[in-house]
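Notes for the one structure printed next.
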Amino acid sequence: MQVPQRLYTLDELRLNGIETASLLSPVDSTLGSIERNLQLAAILGGVAAWNAFSFNPQQILFISLGFLFLWTLDLVSFNGGIGSLVLDTIGHTISQKYHNRVIQHEAGHFLIAYLVGILPRGYTLTSLAALKKEGSLNIQAGTAFVDFEFLEEVGFSPSICCLLV
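Numbering (my numbering), first residue to last: 1194 to 1358.
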């Protein structure tokens, strides 16, 4: 017989010595810091180009409007997919911490699905690999699973099919 579920208040959790912040998802600020550094590098590169090529204010305005147009086009047409692709690719290249976290996260999806009886079909670890495999810009990383229609068509239940693999 199971103990009935009940919702605890924050005060009850604190009284029992449970740290509620530990129940939340961990925050990874790796991509945020990489994005800020890229923005800073773009600004510094713009200032350096301005000084090197002696752009006048009108040229700076047109160049800025061009970049803002491309950024808006990406956000509207591709839902920010190109920016995410660039950021994820740079993140995997620069930060080993981010690369390892993505690998461990996707391995967790893969393993749990397999143990529960859902067959993993494949996985991607980067946005670039997802773009090559799936043709989609808005996937950072992911694990694809065999759907149940396929299993019914083949005539196996998921648990039997997992045992055969």
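C-beta: ideal position from N, C-alpha, C; glycine also. Since the structure is predicted, the reported quantities are computational estimates derived from the model, not experimental observations.
If I follow the unbroken alpha helix (DSSP H) through residue i, where does it start and stop?
i	result
Ala-1241	1223-1246
Arg-1294	1289-1309
Arg-1207	1203-1208
Pro-1250	1250-1270
Ser-1320	1320-1327
So, at 7 Å on beta carbons, what are the nonlocal neighbours of residue i in its own chain, with the 5 sequence-adjacent residues on each side left out?
i	result
Ser-1288	Thr-1223, Ile-1227
Arg-1294	Asp-1221
Gly-1284	Thr-1223, Leu-1224, Ile-1227, Tyr-1291
Leu-1278	Ser-1320, Leu-1321, Leu-1324, Leu-1330
Trp-1243	Ile-1253
Expressed to the nearest angstrom, what Euclidean distance is found between the alpha-carbon atoms of residue i and residue j?
i	j	result
Phe-1246	Lys-1326	41 Å
Gly-1310	Gly-1239	53 Å
Ala-1300	Thr-1317	10 Å
Ile-1211	Gly-1276	40 Å
Ala-1235	Pro-1219	29 Å
Leu-1268	Ala-1241	27 Å
Using only alpha-carbon positions, find the residue among the options that is nearest to residue i.
i	options	result
Phe-1338	Leu-1258, Gly-1315, Asn-1331, Gly-1284	Gly-1315
Thr-1282	His-1302, Ser-1320, Ile-1256, Ala-1306	Ser-1320
Gln-1333	Leu-1308, Gly-1274, Phe-1255	Gly-1274
Arg-1229	Ser-1270, Thr-1202, Leu-1280	Leu-1280
What are the boundary residues of the beta strand (DSSP E) that residue i is part of?
i	result
Ala-1337	1335-1338
Arg-1314	1313-1317
Between which residues of its own chain and residue i is the CB-CB distance below 8 Å, once the five residues before and five after are set aside?
i	result
Arg-1207	Thr-1213
Spatial neighbours of residue i within its chain, please: C-beta separation below 6 Å, excluding the five flanking residues on both sides.
i	result
Phe-1271	Leu-1330
Tyr-1201	none
His-1302	Thr-1336
Please confirm whether any heavy atom of the ligand HEM lies closer than 7 Å to the CB of residue i.
i	result
Gly-1328	As far as ligands go, the structure on display features none, and thus does not contain the ligand HEM.
> Using 8 Å as the threshold, is the region 1296-1312 in touch with the region 1258-1275, meaning 3 or more CB pairs across them?
Replying inline: no
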